[in-house]
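Numbering (the numbering used here), first residue to last: 283 to 402. Beta carbons: idealized from backbone N, C-alpha and C, even for Gly. Just so you know, these numbers come straight off a predicted model, no measurement behind them.
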Amino acid sequence: MSDETAEEREEYYPLKTLHNFLQEIDREWDSFKTAAIIGIILLVTLMAFTSYRLLMFIHMLRAGMKILRILDEILFTALIFAFVIYEIYLLSKQYNFFKKWERRMGLLLHVEKRLLEKRE
């Protein structure tokens, strides 16, 4: 008899894979948000060090160093700075996405649980 009820449930809940997907996302949600926050913090720290290095290059130029001697380092540092800013932008959008959908996912799981309880 338990086999029949399992088959009936399989037949009645055709979106079982979606249900499993929602449960797995719910379990991993906090780690996704935490990873985005840690990434933003690390990139802001890297940006601070890169800014300091760029200021040191400007100071060297004012002190009389030839620009050709440190041009490659200045360009490399500026390129790192640009990529770090872009990565911070992407991680902040990712964090906002998780923040926005966290409540919606919770409501969806709650509604799904209520519907499954009513059906059983």
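Residue j beta carbon less than 8 Å from that of residue i
i           : j           : result
residue 322 : residue 373 : yes
residue 394 : residue 311 : no
residue 339 : residue 355 : yes
residue 318 : residue 377 : yes
residue 304 : residue 391 : yes
residue 336 : residue 363 : yes
residue 387 : residue 307 : yes
Residue i classed as buried or exposed, judged by whether at least 16 other C-beta atoms fall within 10 angstroms
i           : result
residue 326 : exposed
residue 360 : exposed
residue 332 : buried
Reduced DSSP secondary structure (H/G/I, E/B, other) of residue i
i           : result
residue 386 : helix
residue 381 : helix
residue 345 : coil
residue 355 : helix
Cβ separation of residue i and residue j, assumed to be a contact under 8 Å, to the nearest whole Å
i           : j           : result
residue 366 : residue 329 : 5 Å
Residue i: CB within 7 Å of a non-hydrogen atom of the ligand ADP
i           : result
residue 340 : The ligand ADP is absent from the structure shown, which contains no ligand whatsoever.
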